[in-house]
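Under this note's numbering, residue 688 is the last one in the sequence shown; the count climbs by one each step, no gaps. Don't be surprised by glycine CBs; every beta carbon is placed ideally from N, CA and C. From a predicted model like this one, the values you see are computed outputs, not experimental measurements.
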Amino acid sequence: MTTTSQPVRPLAPMVSTGRGVLGHARGFWVIAFAFVVAMAYSTVPTPLYSLYEKRDGFAAFTVTLVFAAYAVGVALSLFLAGHVSDWFGRRRVLLPALLVQVVSAVLFLVWPELPGLVIARVLTGVGVGLITATATAHLSELHAAARPNASRTRAELVSTAANMGGLGLGPLVSGFLAQFVTGPLTTPYLVFIGLLLVAAIGVALVPETVELAEERPAYRPQRVRVPGDARARFVAAALGTVIGFAVFGMFTSLAPVFVAGTMHVTSHVVAGVVGSLAFLAAAGMQLVFGRATTRTQLSGGLGLLVLGLVPVVVSLFVASLPLFFVGGVLAGGGVGMLFKGAVTTVAGLAEAGSRGEALAGLFLAAYIGLAIPVIALGLVVQSVPATFAVLGFAVLVAVVGAAVAPRLVRR
């Protein structure tokens, strides 16, 4: 999983260096396809964790460690190399990143034990960290070259849909394959190896949009800079992002396991739906409320997030799958609105020259939220029933949300 927007990097030139084999208009859709495939692949294991758990006797905490390995890979990649396509070119970063994804899928096939799963997930995260930043920039530049007088809205909507929509499609596809095709722990990865290779071939035919400088700048990691004169509001936005991504993390790691354990629903398709609910709802709400005021996005997002956790918790106590689905849609939609508002808030707090560095701090908060709270939840369920552990998780999210709301949504 990753974010829906990327830092504004002033070094990136918005130029066209040639039409390429496909041209800019067709290249735009090829990059969108590659973006969807890469993001979908990153969530393929979500409905399969219960199978690994059953096969190898994994505890819930082990599942969270495997999931956290992905978050670590994304964070490291995003901050160490997410911006290097500004210097080396979009295709020169996208192609290796897609091939890293292929290598991780092969690892799932040939080394399906715990060490192999952890390494495969780290590699998946590394690839995603490179792809999200680069594909987002490439889409914007291809759109500008193909339609120089058009608004950027189309590119932004496609980027959002590809990112969040891809994250939501991954569990659906792998859950369906695991349910109805032989080899539930192999077939999904084989399918995505094929899709990733097709995407890589397509990317090779797309025009490059970055004109390489004769002298490249000295390498440096992505800087993280917090705006000093608005630190309190930045912290509020960061904490809101932490709780939002903590909810994403729960749905993509432990939620399918909880549903199987408390509701005794073993369908892989259902597990896939559980893993995709929050992402698809987030993408939908971002598209619907993309033009709403930042205040509306933040207040509405926080409210929906907390409201959605109520039926999630109740559903585990009464073993109601439909109620769980309702909660997942509400909570996921809330996270989508909240994060979009948080990105806009932080971008507005920073000066133009440091906007990317301020957003980098917000993305760091996102991956802290994606990993650490879910690891803690995995630890808690070792000694506390899942129902009470999720109840405590929901209460903590609500408390933090209530604490940051006054400062976050003020005019």
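- Fully contained in the region 379-454 are the following alpha helix (DSSP H) runs of length 4 or more, in chain order: 391-423.
- T339 carries a helical assignment under DSSP once its states are collapsed to helix, strand and coil.
- Contact annotation: L419 and H301 have beta-carbon atoms nearer than 8 Å.
- For G625, the enclosing alpha helix (DSSP H) covers residues L598 to L626.
- Membership of P533 in the alpha helix (DSSP H) is indicated by the continuous run A532 to M540.
- In terms of Cβ geometry, A317 and T437 do not form a close pair [threshold 8 Å].
- Exposed is the label assigned to Q659, since fewer than 16 other Cβ atoms lie within 10 Å of its Cβ.
- Short of 7 Å from the beta carbon of V591, and not among the five residues preceding or following it, lie these beta carbons of its own chain, in chain order: L600.
- Here L654 is buried. Its C-beta has 16 or more other C-beta atoms within 10 Å.
- Your pair A346 and F522 does not check out as a contact, with CB atoms roughly 16 Å apart and the cut at 8 Å.
- Between R368 and E491, the gap from beta carbon to beta carbon reaches 8 Å or more.
- One alpha carbon belongs to G669, the other to A648, and they sit about 17 Å apart.
- The C-alpha of L375 lies about 34 Å from the C-alpha of P504.
- Counting only runs of 4 or more residues that sit fully inside the region 299-373, the alpha helix (DSSP H) segments are 300-319, 326-333, 337-358 and 362-365, in chain order.
- DSSP places L554 inside the alpha helix (DSSP H), whose first and last residues are H545 to V565.
- In the displayed model, L482 falls within coil according to three-state DSSP, outside both helix and strand.
- Contact between A596 and T539 holds, with the beta-carbon distance rounding to 6 Å and staying under 8 Å.
- For G585, the uninterrupted alpha helix (DSSP H) run begins and ends at T571 to V595, by DSSP.
- Residue state for V686 is assigned as coil, using DSSP reduced to three classes.
- Looking at the backbone, the Cα of L557 and that of V379 are separated by about 24 Å.
- Pairing V403 with I645, the inter-Cα distance amounts to about 16 Å.
- Beta-carbon to beta-carbon, V589 and V667 are separated by about 7 Å, close enough to satisfy the 8 Å threshold.
- In this model, G625 and Q456 are separated by some 46 Å (Cα to Cα).
- Taking C-alpha positions only, F344 is separated from A410 by approximately 21 Å.
- Per the C-alpha coordinates, the member of P389, R303 and A481 positioned closest to A423 is R303.
- Rounded to the nearest angstrom, the Cβ distance from V480 to A311 is 5 Å, consistent with a contact under 8 Å.
- Selection L656, G678, L673 and L639 evaluated against F335 yields L656 as nearest (Cα-Cα).
- Between L473 and V314, the C-beta gap is smaller than 8 Å, which places the two residues in contact.
- S354 and G604 have their C-alpha atoms roughly 32 Å apart.
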